Every structure is written in C-alpha cells, then in structure tokens.
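A.B. asks:
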Amino acid sequence: MEILFQCPNKVIYREGDYAVKQFDENYSTSDVLNEALNQARVEETGLPIPKLKEVRKNGEKWEIVMDYIPGKTMKQLIEEDPSREDELLNRLVDIQLSIHATTAPVTMNKLKDKMQRKISESKLNATTRYELHTRLESMPKHKKVCHGDLGLGDIIITPDDKYYIIDWAHATQGNASADAARTFLKFSLTYGEERANKYLDLFCQKSDTAKQYVQRWMPIVAASQSVKGHEDEMEFLMRWADVVEYE
Amino acid sequence: MNKENQTPEAVFVASTEALEMKLTQIRKAQAQYATYTQEQVDAIFKAAALAANHARIPLAKMAVEETGMGIVEDKVIKNNYAAEHIYNHYKNVKTCGVIEEDKEFGIVKLAEPIGVIAAVIPTTNPTSTAIFKCLLALKTRNGIIISPHPRAKESTITAAKIVMEAAEKAGAPKGLIGWVDVPSLELTNMVMKEADIILATGGPGMVKAAYSSGTPAIGVGAGNASAVIDKSADILNAVNSIILSKTFDNGMICATEQTIIAHKDVYDAVKAEMIRRGCYFLNDEEKNKIRKTMLINGALNAKIVGQRPVTIAKLAGFDIPDDVKVIVGEVESTSVDEAFAHEKLTTILAMYKAENFEDAMDKAEQLLNNAGGLGHTASLWIDNVHEREKLLTFADRMKTCRILVNTPSSLGGIGDLYNFKFAPSLTLGCGSWGGNSVSENVGVKHLLNIKTVAERRENMLWFRTPQKVYFKKGCLPVALDELKSVLGKKRVFLVTDSFLYKNGFTKVITDKLTEMGITYTVFSDVEPDPTLLSAQKGAEAMRSFEPDCIIALGGGSAMDAGKIMWVLYEHPEADFLDMAMRFIDIRKRVYTFPKMGEKAYFIAIPTSSGTGSEVTPFAVITDQNTGTKYPLADYELLPNMAIVDTDLMMSGPKGLTAASGYDAMVHALEAYASVMATDYTDGLAIRAMQLIFKYLPTAYEDGANVQAREKMASAATMAGMAFANAFLGVCHSMAHKLGAYHHLPHGVANALLLTIVMRFNAADKPRKMGVFSQYQYPHAFERYVECAEACGATGKDDQEVFENFLKKLEDLRDAVGIKKTIQEYGIDEQKFLDSLDQMSEDAFDDQCTGANPRYPLISEIRDMYLEAYYGEKK
C-alpha cells in the first residue's frame, strides 16, 4: 500500500487510479459524510478538485475514494526548492481568489454558523466569547466558496503544471476575508510570522482588500482553531482571541 | 408556582423565556408609570439620583474589582457625576404631558414616553453608565432593560438595582427597571429586538448590532481624540490638563486624548513639561514592544485597557518606575499600521511633531480617517483670543461632533464640567461620520416622543395701496404741484406711447413741469404689449438722464413699461426669470424683490378705465425673442402715487372703453370670489361692480358723458385696489393665455370667459377646492349671489338670482358690443384646437390660478376654453 499522506487519525493511500482517504474508527460518521458531501458540492461548482468516486466502509473504518492526482503539493515543491517560495505563494493566492470568485451552492454550510458554534464550544471565558460573538455578528455575510483550511499542502501541482485543490473537510460558504484570516493563522502556526505576513500582504494586494478587514476576523478564527485544542498552540491562540473592540 | 405571578425580583434572566417574562413585567410597569404626573416623576428622579450618589464609592470599588480596569477614586467621580449632574441638568426640564404651549400660534407640545429602552452598557464605565441610563429612563417615564457586559455584569446590575429600589421606594411601579442576569449575545439581541428604542454604548460591533436589530437605535461610536497644541498655546495648562484627562480612570473615557500633535516650535517645551510631570518617553526598542502588546492583529489587547503604565510596561516586557503617569511614544506615521495611531483606552499617548498648524490639522485629520474616531472628539490648545481664525479653521476641518478648546477632553466631552451649555452625558453621539443617528450628547430629549398639536390658524392679511391716490376731473396739475412743493423733485422722466404724445396728452404735464422749473425728458416709444427690449431702451435713457421721478402716462402697457424701466433703472442686475417665478404665497416666495424707490419716485397716470395698474403691484413684460410673458408681482412695484384724472379719458374710443371697462368688471368679480378676499377688498369690489353696471353702457355709447367717464374711472381704480390685495382667478389665467396665443384684446378675452368660469367656480362639489387657510369650504356660489344682490339681480331663490346675474353680465357684454364666442372673433378653429392643450396647461400654471376658489384641473380648463370657443359645452 502506497501511503500518500498520514496524520494522527487519518491516512491517504493510493489504490490504482484512486486515492483513498481512510479515517480512524473513532471518527464520527457524520463528519466523514459531511466531508464527502462538501467535496461533492464543490465538485459541482467546476473548481479543479479530485472527483469523488465512492464512500465506503473498510472494516470499522470509513473511506472516501477519489481520483488520484499525480504530482506534488506546493509545500513539497517549496521544501525541494526554497527559491520558489514567492512564485508559489503568488500562485496560492491566485488560486484562493479563484475559489472565492465561485458562488457556493445554496446548500453548503454557512461560515458564520460554523464560527458561532466554534466560539460557543471554545474554552475561552464568557467575556471573551461574548466579545467574539458580537464581533462575528457585525461581520458581513457573503456567499463565496471558502476552503476553510487552505495551505500550501492543499494544492497539488501536476507534472503538466495543472493544479488541484484537496481536503474540503472545512469548506463553507461565507466571507473571503475570514478564509484569508484562516490561512494567515495556519501560516503563522506552521511557518511563522514572516511567511504569514508575506501571504497576507499578497492576498490584500491582489484582492484589493484592506488589511484591517481581514484582521477583524483573526480573533474569530483563532477562537475556532482553539476548539481543536492543540496544547502547544493555546497560548498563541488565546493572545489572538483576547482583544476588545474600541468603545 | 405560576410564572405569571412571579414578582419582578424573582425572575432571574438567563434564558429567552425568562427574558420574555421580564420584558412583560417591565411593559406592565411602564404602562402604569406612563400615567404619572411631572411631580411624581420628578420626586422619583430625585430619590433615584440621591441613592445612586450615596452608593458612589461601593459601586466604584465593585467596578474596579470586577473588571480589573480603571481607578476607584476616578470611578467615584464618574458615579457622582452621573447622579448629580444629570439630576441637576434635568431637574426642571418638563418631560410629562404638556411641555410647551404657544397660544398665539395654536401650538401645544406633549411629551410621551417611548416605552421600553434597551440599554447596552460597556465595561469601561459600567456603573456610571447604568446610573445615567436608568435616571434618563425614570425622568422620561420609560421602562428600561439593561444588557450588561459579562466582564462587568455584577457591578452594572448592582448599580441598576440601587436606582431601581430607590425609585420604587419613592413610588415608581415595581419592575420598571430590569436586566439580563447572565448576558449572552442571544439575549442581548433579543433585548434589542423587543425594546422600543436602543441606547447602545459600546464597540462598533455592538452599535452595528443595535442598528441592524430593526428597532430605532441611538448608538455611539469609537473615539480617537487628537490634542493639537498650537505654538500660541499655554503649554503649562495644556500639558497638565492632558495628563489629568489621560490618567482619569486610566484613560477609559472615549473622549480621552489618544494623541498629542505639537507644533515644532513648542514641541520640546511640551515634552519637557510632560517629563517633569511624570510622563515616560519610550525608546525605539520599547516602542516596538508596546506596539506588539497594544495591538494584536490590529485589535486592542484586552489586557492593557484601563491599566497603569507600570502594568503595561511589564506586559510588554520591560520595567518603568511605578509612579509613571503616562507612557508616550513619539511617532511619525499616521497610517493604520502604526499601532500608536489607534484608540488605546489606556495610559498610552502617541506624540507627533507638526511642521506648522496646517500640518497639525492634516495629521489630526489623517488619524481620524486612518485609525478611527470619526465623528467623536477633537481637541485644540491655542490662544483662543488672538488666534480665533485658526480655531475656526480647525473646527471647520475636523469631522468630529465635539471640538474642545483648551479643555481636558475626557472631562470636557461629557459636558457640564469644563463647559456649561454642553448637555452632561455618558453617551456621546458621533453623527453619520461615526455611523450614528445623533451627533450630540444624548439626553432626555432623545428618549421622548414629542407630539405637536397644531390648531388651525389663519394667515395675517393685508391691504396695500399707493401712498397717495389723487382723483377728480382736472386734478392732474394740482396733484403734480407736489413734485416741487412737497417732494422737491428736480428731474422727471415721462414714459408714454407715441399716440398719446403726438396727440398732446403729455402737454398738461410738461407745461406744469416747465412752470415749476423741473427738468424733464419724454420717452414715447412704448408699444402695446411692451417688450423687454423697449423697456431696456427706456432704462438706458433713464440711466443717462438720471431722473428722481418717473411718470408713466397711458393705459396698462405704458404703466407696466414704466414699472419695468423703473426696476431696470434701479436694479440693472435684476433677473426677470427669478422675478416672474410662480409662488404660492407672495410673502414666502424664494426670490426677494429688490428694494424700489431709492433712485426715483414713481407716479402712474391712467388714460383709460380698466387695468388698475396705477394701484397694483403687477406688471407684465414680453420677451421679444421668445414671446414669453413675464408677469411680475411684488408690492415693491406699487406706484408711489396714482393720479386719476377723467380729462385724460374723455376721448377714449368705444372699443377700448368697452374692453377695458369689462376687464375692470372681471377684476372686481374675481377679487370678490378669490380665496384671499377680505372685507377690505369686498367693499371696493362691490362698489366697482355697481358703478360699472350703471355707467359702462353710457360711457360706451356717449364718450363725452363726464359723469359716466368719471364713475368708470373710479370703478377701475377701486377694482384695481381690490385685486391688488385679493388677487384674481382662473378667468384671468385663461384670458392671459388666450391673449398670448390668439391675440384677443385682454378685456375681450376676459369677457368671453367670465360667465363660464363663474359657473365652474359656483359648483357646490368641485373636484378640488382652493387651498388657503381662510378658505374653509367651497362658497364661490354664495359669494356670487352676494354680488348679484348688490347689483340688483333678483329671483325666487339663490339659484335663480345667480342665473339672472350671469344673464345681466352677458347683457352688459352685449350692450358694449362684445361678441359672444371666441369663434366669432375669427380665430381659426384648427389653429385654436392645435394650441388648446398647451394653452390649457399654461393657463393652469398662471400666477392667477392660485387665488381661484376652485382649484382647476388642466382638463377642466380645456373644457372651458372649448365652451368659450363654440358658445356651448363640447
């Protein structure tokens, strides 16, 4: 079995022309089916993503079967050749903007609902949750497709230089700036401040968005991320989330 | 137990059901409270203010303890202020029932409560804002539901409870003040949705939620005040006041200075004084540490709000002495990326150096635009006596609703401490710039519905006429004698037409002028329907001759031309389009007519009996290029003197006698039926009608009959006085346009339309009646019957009297040789029909239409024209 990717509770392996994403036994059925449904919905928008083939049970484990895409992720490409960082970051932002330019199917989950839920589930104190709920409430609602967790590892570049976007588990419809704030947070946690800032400057410049507008989402995405509860990230996330609005 | 019967205190609001119940209780209590008198309300207001003031220290301690922000001693002042200054400012203000009455104008204003106020309370001033809002609610007979911030809920609720208990003890209904015990966004949103008005103090998110709730909202916005220090400022006063202001409650009042912008000439002095008084200036490394601590992704770090400098420095990772009062960062950029540019709500100040005053204002403006605070507060330190102009420029430039001069802004912005006509308030409106519905300090007036009772009143009316009206056969030279003996005039400009001039009508005037030794010149080029061009020529001649008196001699054309020349002579810049603009009320028109008579005295002398122009404020002038007639109307156009001398009328031809005589009849009748008719004009109109009925046929048949001529002269001038004040009606509107389109003599056009219009006006259920306060119901018919009876028409009932009167008028028309229809005057049928629609619309828009007792539809005017053309209804 050719393992393509592995993380604590899921594994992706190759099966001929297909890639199979296998979830641990303790993964909830609804989460798996939701991810498959998300992927199906995004597929219908025409964005370049691996086609969904099957959702099946392998013993006690759920599996999502999709087209296998030959190539390397942007993350791998940069690791192999760090001088390509700027080029690939540029491309990532272009791809993200093309996702945002897509109108979501009406049935897709709403970003704002998801964030409301995540803030409520977070371990932040009542005061901070109240601040964040209020902040979120005042943000504009949009209907753009948001990947919800886009990073360099989520874009595969094929040998003939086509790209495919993978991992649609967190996709919603909503405000593009929230999606950018999520990517900025992911970059900050994974690669540090410098690359994160580079990404944000590129995003704001290419999308003609004011930085403050993306920044207004940062406490919210930090609260949402804190629900996953990685211990080592908590202090960082709390710092981001514990802010007040001007009075 | 039955939920409905729970006492207000027993309802603990932690769910939507409990909130629903609480709101029901508040509504019930408020309904009862709405019946309280001003005395009862004032007693409750006082008791509540006293109780809040008593609790100022424990409440301050609680707020600091719970929120971990601010300074107890300063919060004591805020609580004290919220109780005392609010009470003092509003103690004598009427907020119940009749609050204002103006008997003369029939206006009564009544204040009514709005219902339930949703009060969103911030963490920075939790107790004082709660006291403030509860007191306002009590004074305005509103109920209030408070949504505290979770960070400050205990102290907020305690403050509200103290006010509530004192109010209840003083007689307020139980349950008038309520609050959410366990705040959540869901409950806050519900509070805002269910209330009748929202008083939201808080961050932009909360204010936006308030405005989005669908409930009327008074929300206020974020501050970011800059203090500009001009080189003329008193530095000692400026620096120490700013430090006082900035350190007050550790910088948590929204009007507090966030930035100092000092003129470069005084920058060092300002800095030195700041250091002397305990400000700490950061080095570059410390500045960066503070930046990172202060803002996180552009948002304010909750941990630094309302903290002392030593605490903030520690958080940022360095130590400063414990007694530092304010941390100062000297910076240059005013862009959004500069953390120091933002509102800090704590003891950090930014400081900029300005090249000059202009640069200082630019920076203050950039900070508002880039880093927030639009609409809130700006502050200026200046020599306000000698640098007044700079002060006003600053006020002009800043887009803020409060501009404070030589004042600590935190304590100056809330009003009544450093200025005494600024409403004391803890809720400061920021206008549309701050996304708010109010731009002033919020007070009781924003929480009341004011009902205005307006009783019907009638307009003031008037009667105006030339100062001197001289009449009697042969009076002309006698009257003119005044030019020398009384008025001391030296140069006379005589306006007339060539016919009158050539036939010696002017001789009696010129002889008299020569005899008195008065210089004169004669302008005799006036044509019928005088044009603007000829009036301009006359005015040109006037300008070179420079008369101090103008005499206009002739019929309507000469007198009108004289009036226009007079206007052009005195005011060459006057615009006829503006002057001729149609108006509803001559006293309220947009255009102010220029003052007349400063250069020349105006005397009008009629040579025919009809137009009345010698005593009217009207003149018509035609644009020779477009054919447009400009009807001018303003009492400035009243002649100063009218001389009515029958000698000048004896040779008038029959046609002119008939047409102008009948015109005078229509003047009298329309003035009598006008919505603006008065007892003063009625008498003149009736007498004029009687004289015309009696003497017009004779004057027509026997022009040499002196008595008939003289009576007709009186009738025409009296009718002129009547319509100079009561105005005319739609008959004249239609006659004006018929004359303009088909060149019928004005008097003839009126005669052809008169009885048709009278029938139209006499309808007892007109489609629309005339609009004027005095005109209470359609009564043109009764008015016509009064005229009829005065003129000797009889009948078995009013209807028959009216019909006989119309017949009498038509008989008079026949008697003076006027035909019956427009068609009979040879107006081509097709040409008439082609012009009909436009003519009807123009007649509708004529100035005379406004006074008509029946407001005509364009289609009705069209029907009347057709009837007048064919002699029967079509």
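Sequence lines, in order, name chains A and B. So the number in the numbering used here is just where the residue sits in the first sequence, counting from 1, plus 75. So the number in the numbering used here is just where the residue sits in the second sequence, counting from 1, plus 20. Think of the CB as a built atom: it goes at the ideal place given N, C-alpha and C, for glycine as much as any other residue. These numbers were taken from a predicted model, which means no experiment stands behind them.
Closest Cβ-Cβ distance between A/TYR205 and chain B: below 9 Å?
C.D. replies: Along the first sequence, one-based indexing puts residue 205 of chain A at 130. Taking a beta-carbon distance threshold of 9 Å, A/TYR205 counts as an interface residue toward chain B.
A.B. asks: Mind checking which residues open and close the beta strand (DSSP E) that includes B/VAL425?
C.D. replies: Within the second sequence, numbered from 1, the residue matching residue 425 of chain B stands at position 405. For B/VAL425, the uninterrupted beta strand (DSSP E) run begins and ends at 420 to 425, by DSSP.
A.B. asks: What does A/MET293 reach in chain B if we use C-beta pairs closer than 9 Å?
C.D. replies: Working through the first sequence from its first residue, we reach residue 293 of chain A at position 218. Ordered by position in chain B, the residues that pass the 9 Å Cβ test against A/MET293 are ILE316, ASN317, GLY318, ALA319.
A.B. asks: Looking at the C-beta of B/MET226, does it have a partner C-beta in chain A at a distance below 9 Å?
C.D. replies: Within the second sequence, residue 226 of chain B is the residue found at index 206, counting from 1. At a cut-off of 9 Å between beta-carbon atoms, B/MET226 makes contact with chain A.
A.B. asks: Could one say the Cβ of A/GLU196 lies closer than 9 Å to chain B's Cβ atoms, at least one of them?
C.D. replies: The residue you call residue 196 of chain A lines up with position 121 of the first sequence. So no, A/GLU196 is outside the interface.
A.B. asks: In this structure, how does DSSP classify B/ASN321 when only helix, strand and coil are distinguished?
C.D. replies: Here residue 321 of chain B is taken as the residue at index 301 of the second sequence, counted from 1. In the three-state reduction of the DSSP assignment, B/ASN321 falls in the strand class.
A.B. asks: For B/ALA289, which residues of its own chain have a beta-carbon under 8 Å away from its beta-carbon, when the five flanking residues on both sides are left out?
C.D. replies: The count along the second sequence starts at 1 and reaches residue 289 of chain B at position 269. ILE255.
A.B. asks: Just to make sure I have the definition right: I need the residues of chain A whose C-beta is within less than 9 Å of the C-beta of B/SER457. Which are they?
C.D. replies: Within the second sequence, the letter at position 437 stands for residue 457 of chain B. Here the premise fails: no neighbours, minimum Cβ distance about 17 Å.
A.B. asks: Mapping DSSP to helix, strand and coil, what is B/ILE141?
C.D. replies: As a working note, residue 141 of chain B is residue 121 in the second sequence. Looking at B/ILE141 - three-state DSSP - the assignment turns out to be coil, as it is neither helix nor strand.
A.B. asks: Output, in sequence order along the chain, the residues in the segment 189 to 211 of chain B whose CB is closer than 9 Å to any CB in chain A.
C.D. replies: Look at the segment 189 to 211 of chain B: the residues with a C-beta under 9 Å from a C-beta of chain A are VAL202, PRO203, SER204, LEU205, GLU206, THR208, ASN209.
A.B. asks: Between which two residues does the beta strand (DSSP E) containing B/GLU350 stretch?
C.D. replies: Taking the second sequence and counting its residues from 1, the one referred to as residue 350 of chain B is at position 330. B/GLU350 -> beta strand (DSSP E) spans 346 to 350.
A.B. asks: Scan the segment 172 to 201 of chain A for residues whose Cβ lies nearer than 7 Å to a Cβ of chain B and list them as they occur along the chain.
C.D. replies: ALA201
A.B. asks: Consider the Cβ of B/THR422: report whether some Cβ of chain A lies at a distance smaller than 9 Å.
C.D. replies: As a position in the second sequence, residue 422 of chain B is number 402, starting the count at 1. Per the sequence shown, the amino acid found at residue 422 of chain B is Arg instead of Thr. No, no contact with chain A.
A.B. asks: Go to B/MET371, then tell me how far its beta strand (DSSP E) extends in each direction, as first and last residue.
C.D. replies: Your numbering for residue 371 of chain B matches position 351 in the second sequence. Per DSSP, the unbroken beta strand (DSSP E) holding B/MET371 starts and ends at 368 to 374.
A.B. asks: Going by the beta-carbon positions, is the gap between B/ALA800 and B/ALA782 smaller than 9 Å?
C.D. replies: By 1-based counting over the second sequence, the position of residue 800 of chain B is 780. By 1-based counting over the second sequence, the position of residue 782 of chain B is 762. Yes, the pair counts as a contact, with Cβ atoms nearer than the cut-off.
A.B. asks: With a Cβ-Cβ cutoff of 9 Å, do B/GLY740 and B/VAL635 count as a contact?
C.D. replies: Your numbering for residue 740 of chain B matches position 720 in the second sequence. Your numbering for residue 635 of chain B matches position 615 in the second sequence. In this structure, B/VAL635 lies closer than 9 Å to B/GLY740 by Cβ.
A.B. asks: Helix or strand or just coil, what does DSSP make of B/TRP586?
C.D. replies: As a working note, residue 586 of chain B is residue 566 in the second sequence. It is helical.
A.B. asks: Starting from B/CYS569, follow its DSSP beta bridges and name the residues at the other end.
C.D. replies: Stepping through the second sequence from its first residue, residue 569 of chain B is reached at position 549. DSSP, once it has assigned bridges, lists B/VAL512, B/TYR621 as partnering B/CYS569.
A.B. asks: Any beta carbon from chain A within less than 9 Å of B/ASP357's own beta carbon?
C.D. replies: Taking the first residue of the second sequence as position 1, residue 357 of chain B is located at position 337. Chain A contact via Cβ: present.
A.B. asks: Under 9 Å between the Cβ atoms of B/LEU573 and B/ILE625?
C.D. replies: The residue labelled residue 573 of chain B in the question sits at position 553 within the second sequence. The residue labelled residue 625 of chain B in the question sits at position 605 within the second sequence. Yes, these two residues count as a Cβ contact at 9 Å.
A.B. asks: So who's on the other strand from B/GLU120, going by DSSP bridges?
C.D. replies: Here residue 120 of chain B corresponds to residue number 100 of the second sequence, with the count starting at 1. Paired residue(s): B/LYS129.
A.B. asks: What residues of chain A sit near B/ARG171, judged by a beta carbon separation below 7 Å?
C.D. replies: Start at 1 with the first residue of the second sequence, and residue 171 of chain B comes out as number 151. Under the 7 Å cutoff, chain A gives THR202.
A.B. asks: For A/THR104, count neighbouring Cβ atoms within 10 angstroms of its own Cβ and tell me buried if that reaches 16, exposed if not.
C.D. replies: Residue 104 of chain A sits at position 29 when you count from the first residue of the first sequence. Burial call: exposed.
A.B. asks: Are the segment 300 to 316 of chain B and the segment 391 to 399 of chain B in contact at 8 Å, needing three or more beta carbon pairs?
C.D. replies: Contact between the segment 300 to 316 of chain B and the segment 391 to 399 of chain B is not established, with fewer than three Cβ pairs separated by less than 8 Å.
A.B. asks: Mind pulling the chain B residues with CB within less than 9 Å of A/ASP269?
C.D. replies: Counting from one through the first sequence, the residue named residue 269 of chain A turns up at place 194. Reading the sequence as shown, one finds Glu at residue 269 of chain A and not Asp. Residues of chain B passing the Cβ test: none, with the nearest at roughly 15 Å.
A.B. asks: Roughly how far, in whole angstroms, is the beta-carbon of A/VAL95 from the beta-carbon of A/TYR88, given that I think they are within contact range, below 8 Å?
C.D. replies: Walking along the first sequence from the start, residue 95 of chain A turns up at place 20. Walking along the first sequence from the start, residue 88 of chain A turns up at place 13. That pair is a contact at about 6 Å.
A.B. asks: Please report the distance separating the alpha-carbon of B/ALA499 from that of B/TYR540.
C.D. replies: Numbered from 1 along the second sequence, position 479 holds the residue referred to as residue 499 of chain B. Numbered from 1 along the second sequence, position 520 holds the residue referred to as residue 540 of chain B. Taking the straight line joining both Cα atoms gives about 17 Å.
A.B. asks: So, using beta-carbon positions, are A/ALA271 and A/PHE262 closer together than 9 Å?
C.D. replies: Within the first sequence, the letter at position 196 stands for residue 271 of chain A. Within the first sequence, the letter at position 187 stands for residue 262 of chain A. In this structure, A/PHE262 lies closer than 9 Å to A/ALA271 by Cβ.
A.B. asks: Compare the C-alpha of B/TYR845 against each of B/LYS894, B/THR176, B/TYR890 and name the closest.
C.D. replies: Taking the second sequence and counting its residues from 1, one reaches residue 845 of chain B at position 825. Just measuring C-alpha positions, the residue of B/LYS894, B/THR176, B/TYR890 sitting nearest B/TYR845 is B/TYR890.
A.B. asks: I'd like the ranges of any alpha helix (DSSP H) spanning at least 4 consecutive residues and lying wholly in the segment 794 to 872 of chain B.
C.D. replies: For the segment 794 to 872 of chain B, whole alpha helix (DSSP H) runs of length 4 or above, ordered along the chain, are 800 to 810, 818 to 835, 849 to 864.
A.B. asks: Check whether the Cβ atoms of B/MET670 and B/LEU829 lie closer than 9 Å to each other.
C.D. replies: The residue labelled residue 670 of chain B in the question sits at position 650 within the second sequence. The residue labelled residue 829 of chain B in the question sits at position 809 within the second sequence. No, these two residues do not count as a Cβ contact at 9 Å.
A.B. asks: For chain A, find out if any of its Cβ atoms is closer than 9 Å to the Cβ of B/ALA333; answer yes or no.
C.D. replies: In the second sequence, counting from the first residue as 1, residue 333 of chain B sits at position 313. Not one chain A Cβ lies under 9 Å of B/ALA333.
A.B. asks: B/VAL290 versus chain A: which residues are under 8 Å apart at the beta carbon?
C.D. replies: Along the second sequence, read from residue 1 onward, the residue named residue 290 of chain B stands at position 270. What B/VAL290 touches in chain A: nothing, since even the nearest Cβ is about 26 Å away.
A.B. asks: Could you name the residues of the same chain whose beta carbon sits closer than 6 Å to that of B/GLU120, not counting the 5 residues immediately before and after it, in chain order?
C.D. replies: Walking along the second sequence from the start, residue 120 of chain B turns up at place 100. Correct list, in chain order: LYS129.
A.B. asks: Could you have a look at B/MET21 and say whether DSSP puts it in helix, strand or coil?
C.D. replies: Here residue 21 of chain B is taken as the residue at index 1 of the second sequence, counted from 1. Caution is warranted here: a pLDDT of 39 is assigned to B/MET21, below 50, making its placement in the model unreliable, and the coordinate value is therefore given only provisionally. Residue state, collapsed to three classes: coil.
A.B. asks: Going straight from the alpha carbon of B/LYS66 to that of B/ALA30, what length do you get?
C.D. replies: Along the second sequence, one-based indexing puts residue 66 of chain B at 46. Along the second sequence, one-based indexing puts residue 30 of chain B at 10. Roughly 26 Å between the two C-alpha positions.
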